[in-house]
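Visitor: There's a structure below that I have some questions on.
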Amino acid sequence: EAFGFKQLVFEPFFGGGIITAMVAPLIFSVGPWPVLIVMSIIFIAAVLSGLFYWGKSGRGWINPQAAIEHEEEHVRRDWRPSEELANPPGTLN
Numbered sequence: 001e002a003f004g005f006k007q008l009v010f011e012p013f014f015g016g017g018i019i020t021a022m023v024a025p026l027i028f029s030v031g032p033w034p035v036l037i038v039m040s041i042i043f044i045a046a047v048l049s050g051l052f053y054w055g056k057s058g059r060g061w062i063n064p065q066a067a068i069e070h071e072e073e074h075v076r077r078d079w080r081p082s083e084e085l086a087n088p089p090g091t092l093n
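Residues 1 to 93 (full-length UniProt numbering) make up the sequence shown, in order.
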């Protein structure tokens, strides 16, 4: 029980945000099923919007070849760490 009460204070600041803080009182006031339905609709909307965004531009897991080509175009392959970064002082080589 103590862990649950701690989480209500801890999560909004260090992980969950405002939704996590509001969900427990919301479930208590309207019940679990309306909250589940609303959150499911939000989840489906987020997934579909992500699929449409990544699908229109041909990036991501919908078109893996396009993602590989994008990486090949935009990633610097000639970068090498300096000797100081590769062997910091005080380390054994």
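All C-beta atoms, glycine included, are put in the ideal place defined by N, C-alpha and C.
Here the structure is a predicted model, which means the values were calculated and not measured.
#1: Assuming V23 and V35 form a contact by the criterion Cβ under 8 Å, report the distance between their Cβ atoms to the nearest whole angstrom.
#2: Can you look up G31 in the DSSP assignment and give me helix, strand or coil?
#3: Just how far apart, CA to CA, sit A66 and W33?
Guide: Reading it off the structure:
#1: 7 Å
#2: coil
#3: 41 Å
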